[in-house]
């Protein structure tokens, strides 16, 4: 039976893992390669590295991180942040990433999705999306608006419609982050996840808000997410991946336990 | 030496990295001489069947692969490599290499998410050396929209359930192929690559 995936997200800034709350106030929490190894040993199903390095002259650092991760862990991982061209995609994939995640760049230039899917295959292209709850309107019937630039710029675009368009353009998966829930540790945005997951036929990763294993249970059972992204609950060592998985397994959710 | 056939598809370096991690010597190559002098050959890949077959034909790698099979060199297909060794694929209606009789079929539209992406079990049908030490709890990383449907039941080594029950490991004589990615399937996946590195091509 296909397992629900637990994916750990590492925000990487100039080669160090960092963690922020509501996109603000980041603190460095470790070495991404060492952390990736540790989570691999714990049995995580997949990893995501978001490069949030601000200065463009330090962007190559992420490639080194990717190469070192790829030499040491043998599960899929994706890389996002700062990917704006096919060359950027190629560099990350060639360094050993399984997938690339594009967010703002895809909103500003949706051809990036179709071009990426054409050259590297849909399975490589993850659409990252930051969505925030608004009053439903003609432009935003779902009541969830797409924001870009790390949650700083509203786009007056409907999140569900954007998910469907991205699927049509060839995205293989959607990583859906709720700006409202992100960093709160109070649970995923179940309604948003459910709406997007039922609107597209491709896998949806729920992101933002995970603080305890019950939150993952809820997003799998109530929102039909295919995967759940977690960060602080493991980065701060409140839980291990195996603890989360054994809880989910007891709750009747199929997870990969034999690592 | 294990040759990894280079046909400009993605994912070649991942297989190479996994083999090197296991201490095995491996090289990515499209050179017929190198491929034919290897102890073993891996035919990995992600991407679309049609484009892959175009590249394979243009580089005359189809002839090389047929020679590898005839010379009984242990040969392993991975993911797209599994579709390519069948007769044809429904993806781009591509004619494939015809090493194992069968078709790569698209998952039916039955409310399941496509691609089949993530970790899933395999059910052993044949006790093949490639699956040595792998139990029924072990899961492997899949990502595909087409699945192998061999014509002959005896070519099915293991199956996986996802909407349909499909052949996730197939093989015949010195050929074996996994629909999942052993190079991305943690320790169990590495075990399969290790098994392949010791396999003499006999069942």
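Residue numbers (our numbering), protein chains in the order written: chain Z, 17 to 275; chain W, -10 to 192.
Where is the CB? At the ideal position from N, CA and C, for every residue including glycine.
In the three-state DSSP reduction, residue 100(Z) falls in the coil class, being neither helix nor strand. Rounded to the nearest angstrom, the gap between the Cα atoms of residue 115(Z) and residue -6(W) is 21 Å.
The C-beta of residue 26(W) comes no closer than 8 Å to any C-beta of chain Z.
Put simply, the CB of residue 66(W) is far from chain Z, with every gap to its CB atoms at 8 Å or more.
No Cβ of chain W is located within less than 8 Å of the beta carbon of residue 233(Z). Leaving aside the five residues that flank residue 46(Z) on each side, the residues in its chain whose CB is nearer than 6 Å to its CB run, in chain order, 33. Contacts between residue 167(W) and chain Z, judged by CB atoms closer than 8 Å, are missing: the closest CB pair is about 14 Å apart. DSSP, read as helix, strand or coil, puts residue 251(Z) in helix.
Remark: C-beta atoms of residue 90(Z) and residue 178(W) approach each other more closely than 8 Å.
Under the 10 Å beta carbon count, residue 122(W) is surrounded by fewer than 16 other beta carbons and is classified as exposed. Bounds of the beta strand (DSSP E) holding residue 161(W) are 153 to 161. In the three-state scheme derived from DSSP, where H, G and I count as helix and E and B as strand, residue 226(Z) is classed as coil.
Around the Cβ of residue 90(W), a 10 Å sphere holds fewer than 16 other Cβ atoms; the residue is exposed. A check of alpha carbon separations from residue 139(Z) across 94(Z), 28(Z), 243(Z) and 270(Z) identifies 94(Z) as the nearest. Counting along the chain, residue 51(Z) sits inside the alpha helix (DSSP H) bounded by residues 48 to 58. Using a CB distance cut-off of 8 Å, residue 110(Z) counts as an interface residue toward chain W. The CB of residue 181(Z) never comes closer than 7 Å to any CB in chain W; the least such distance is about 18 Å. Put simply, the CB of residue 154(Z) is far from chain W, with every gap to its CB atoms at 8 Å or more.
Residue burial annotation: residue 47(W) is exposed, with fewer than 16 other C-beta atoms found within 10 angstroms of its C-beta. In this structure, DSSP gives residue 61(W) a state outside helix and strand, which the three-state scheme calls coil.
The C-alpha of residue 34(W) is placed about 5 Å away from the C-alpha of residue 69(W).
Its Cα nearest to that of residue 67(Z), the residue 29(Z) stands out among 255(Z), 92(Z) and 29(Z).
In the pairwise beta carbon analysis, the region 50 to 65 of chain Z is classified as touching the region 253 to 270 of chain Z: at least three pairs are separated by under 8 Å. Along the region 110 to 121 of chain W, going in chain order, the ones with a CB nearer than 7 Å to a CB of chain Z are 110. If you check each beta-carbon in the region 55 to 78 of chain Z against every beta-carbon of chain W, the ones closer than 9 Å belong to 56, 59, 61 and 62. Under the DSSP assignment, residue 245(Z) falls in the beta strand (DSSP E) whose first and last residues are 243 to 246. For residue 219(Z), the residues of chain W that pass the 8 Å Cβ criterion are 102, 104, 106 and 107, in the order they occur in the chain.
DSSP, reduced to helix, strand and coil, places residue 195(Z) outside both helices and strands of the structure shown, so it counts as coil.
Counting along the chain, residue -8(W) sits inside the beta strand (DSSP E) bounded by residues -9 to -6. In the structure shown, residue 30(W) adopts extended strand secondary structure according to DSSP, grouped into three states. Following the DSSP letters along the chain, one finds residue 80(W) in no alpha helix (DSSP H), marked with neither H nor E.
Separation of residue 52(Z) and residue 141(W) (C-alpha to C-alpha, rounded to the nearest whole angstrom) is 42 Å.
In this structure, the CA atom of residue 139(W) is about 26 Å from the CA atom of residue -9(W). Residue 21(Z) sits close to residue 242(Z), with the two beta carbons spaced by under 8 Å. Contact annotation for residue 128(W) against chain Z: 19, 272 and 274 [CB-CB distance below 8 Å, chain order]. Remark: C-beta atoms of residue 190(Z) and residue 197(Z) do not approach each other more closely than 8 Å.
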